Every structure is written in C-alpha cells, then in structure tokens.
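Take the position in the sequence shown, starting the count at 1, then add 1; the result is the number in my numbering.
We put the beta carbon where it would ideally sit given N, CA and C, even for glycine.
Just so it is clear, the structure is predicted and the values come from calculations on it, not from any experiment.
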Amino acid sequence: MACAAGPRRCCRADAQATRANAQARCQGSRDSGLEQQGQEAGERARHRQRLGGSPKKSAGDVQRTPAGRAAMHALIRESRLPRTRACAALGVVRATGYRHDRPRAARSGVRAASHRRLSVSQREQILTALHSDRFCDQTPMHVYHTLLGEGTYLGSIRTIQRVLKDAQEVRERRPIRLPQSHAIPRLQATAPNQVWTWDISKLALQERGKWAYLYVLIDLYSRYIVGWMIADTENSALACRFVGTCAAEHQIVPGSLTVHQDRGSPMTARNFLALLAELKIDASHSRPRVSNDNPFSESQFKTIKTQPDYPGSFRDVVHARIWCDEYFAWYNDEHQHSGLNGHIPADVFYGRADIVTATKQAALDTAYREHPERFVNGAPVAKAPPAMVFINPLPASVISLPKAESSKEVLASKPARKHMLTTIHQAHKIPDQDQKPKLD
C-alpha cells in the first residue's frame, strides 16, 4: 500500500508543476504581447507626428522658405482651378494667396501730422512766455499753474515740455547747482610720506551737548600717526595749522606728498587749499556721500573707539588729550597692525621693518629645524609689510608711482624747517596762543 501510494503522489506533483509552468508561459506571452502592442502604438504615434506638415500630407514644408512660398503661389496662379479651391488643395490660406498677388504699397516712413498739433503761432506764444523775465527760471509746472490761475491756458504741462524739447531748450531752468561728476580718487603709496590721509571725529563729553574734536593724520603706507590734535571746535584755521605743522615737522619735500581727505568744510575751505598749494602738496578728496573713499581714517577712528579702555565719554578736553596721548603712543610703538602683517607702524615708517622681518624669520627657521612635523605646509616664511598700499586700486592694472626721494636730504637743516613754519603762519591767520589746542 505504501509503495502504491508513493507513485501516485509523485505523478500528481508532476502534473501540478506542469500546469504551473504552462500558466507562467501563458502569462509571460500575454505580458510580452501587451508590451509589443504598446511599442507598436508608440511607433505609430511618432510616425504620425513626423508626418504632420510633411509634403505627403500638406504643403507645410514647402512654405517654410521664401523660394518655396514663391513656387507655391506660382502653382496657384498656373492652375485652372478657382483660387479658393487651389488654396485649399495646397493648404494655403485664401487671404494669403490673394495678398501675394496684390502686395501692399511700402510706407514712406513719415508720420502724418496730428490734427491736434499746435500751430506755429501757438508755439511762439508758449516760447515767448517761457523766455520772459517772469518765467525764464521757472519750471513748466510752475508756469502752467501760474498762468492757469490768472485765467490763461497755453497748453498742458506735457505740451510745454514738448515745445521746449523741439526748441532744444530742455535744461534745468532753476538757479541751482547741477549734479556734478566726481572722479574716483585712486592713490598708491610705496614708501612713507607719499600719501597722508586725515579726518576729524567727534568725541563725546560728559556734559550734555558738548563735544571734543579729534584731528588725526595718518601715513598711508605705514599707518603711522604723523600727527593728532584735540580741539573744542573744527574750522579751516585749525586745519591749516594742524596739517602745515605736521608737514614741517616731518620735513616733507615739496611736490612729493598727497593729502587725502573727505569733503568736510575744513577740508574744502579756500584757505586750507591755498596752504596746500603754497606747500606744493597735492590735494585729494573723496566723492560726495562715499565714505569708502577714505577707508583708512574711518578704520582708525573705529579702532580708537573700540578699545577696551575707551571711556565712551570724557570729562573735558584735557581728559580726552591725556587718554589720546597714551593711546597714540601705544598705537605707533607697540600695536601689531593686521594691515601690516603684524608689524608695528613705527617700524615700517622709520625703515626698521626689514630687521624685524629677519628676526621673525630666524625664529621660524629655528622652530622648523626643531619640529618640522608641526609645519605641514613646509618651511614657514615671515611676512613683510605690503609693498604697495592703495585707495581704490584700478580693477585691471595698477599704475606704479615712483618712490619719492628722501625728504630728510632736502629739508634736513633747521633754516628750511623754520622757513616752512614762517610761511604757514604768515599766510594764514592762526588763533592766539591761549586758544590753540594742544598738538602732540
């Protein structure tokens, strides 16, 4: 019994496997058939898309070029069919077929005069009113409303403007200063005492509404403070004394220095500009309302007012002078300036930067020999101060300025310095001695 049942179970299993394989083959053939049908349908759709506009179905391809359109219209004319039927057979719009045989005449390009155009006498009347002494410096809007209030109408505001434009008289009619174009100041310093930049900043006093005025003059190349002054006011007389005294103390060679400043009233005063002209110092000014044209002075004032020991407000002018005296001494002789690659302004100004760079390089070389594994980028190099310092450098190429000769060789003698100071005091009225602010 066991042997008889075993073969039957085996046959039944084989039959089930055979049916499963047959169903799988049927399903696979059905899926492949559907896939093939989808591919054929897509191919027919793409074929129909290619047929659209082809010569087999319409005359679309022929009409895409001027020569084809000309040939198409020639066939329409030569056919013996009515124009409507010929155009329909070739797929051409009937209006297009007629327009091709009767093209429109070319326009002359001259615009016809409007019937609302002013006459010559009316234009003369408007110009006469605008040229009169009463309205010669008034705007069209003012002229329009003034005459309209008096019961006279010559034309609209836009009409008056068009009449002025036709007469080539469109300009600023009011007696005001027109907008001016100011060149971008571009300065370059390759050595000390080539470019100085200065500005005035207010220092708050503890008494409400009272201020002290800090005058600071910076050497552009070295960032060295060549002079500073604190006063209780700002005016051109103090500016003349301040800049002139600094030029004499540093023995500036005539014609070798450029002083850059903004457009404050002391900087643009006639007596201040006259002083610079007498000393043969070139004057450079920032553009109006462009604070970035004097960046080094602005940055200097930020450095001053963000010091940890800055009091915020001073008791009086004397207190401000005491604090600034200590600050500028530290700044010139101890401050490691980031813009100078860590050098001190006094070292750069007086030519000691090469010695300091060599000392730093020796220390780096020793450290590299002892621990080369700590320097993954190779042997370290001590950076020297920048060779050139710019205000608004040229974007593409920068024109190098020649180095000025040493000013100490020309004005090394005391008589030359005394003569310069005499020129300053004689040419400009200086306040009395008791009114002079301290110059440090």
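In the structure shown, the three-state DSSP call for L277 is helix. Counting only runs of 3+ residues, the beta strand (DSSP E) found wholly inside the segment 157–210 occupies 188–190, 196–205, in chain order. In the three-state DSSP reduction, Y332 falls in the helix class (H, G or I). If you draw a 10 Å sphere on the C-beta of C247, you find 16 or more other C-beta atoms in it, and that means buried. Nearest to S157 by C-alpha distance, out of D167, M142, G150, Q308, is M142. Annotated three-state conformation of L128 is helix, per DSSP. Non-local beta-carbon contacts of I282 in its own chain, meaning distances under 6 angstroms to residues more than five positions away in sequence, involve L258, V260 in chain order. Looking at the DSSP output, D220 shares a beta bridge with W197. The C-beta distance from R175 to T140 rounds to 7 angstroms, short enough to meet the 8 angstroms contact threshold. Exposed is the label assigned to W331, since fewer than 16 other Cβ atoms lie within 10 Å of its Cβ. In summary, L82 is exposed, with fewer than 16 beta-carbon neighbours lying within 10 Å of its beta-carbon over all protein chains present.
One Cα belongs to L76, the other to R105, and the distance between them is close to 21 angstroms. Using a Cβ distance threshold of 9 angstroms, E235 and G265 count as a contacting pair. It is roughly 21 angstroms from the alpha-carbon of P267 to the alpha-carbon of L188.
Less than 9 angstroms separates the beta-carbon of F315 from that of L206.
D283 is bridged by DSSP to T259. Distance between S223 and K166, taken at the CA atoms: about 56 angstroms. Taking every protein chain shown into account, the CB of L277 has 16 or more other CB atoms within 10 angstroms, so this residue is buried. Comparing alpha carbon positions, the residue from L215, E279, P394, N378 closest to I253 is E279. Around K384, the same chain offers N342, G343, T358 as residues with beta carbons nearer than 8 angstroms, after the five sequence neighbours per side are excluded.
Going by C-alpha positions, H183 is about 9 angstroms away from H286.
Scanning S115, R112, A114, Y145 for the CA closest to the CA of L128 turns up Y145.
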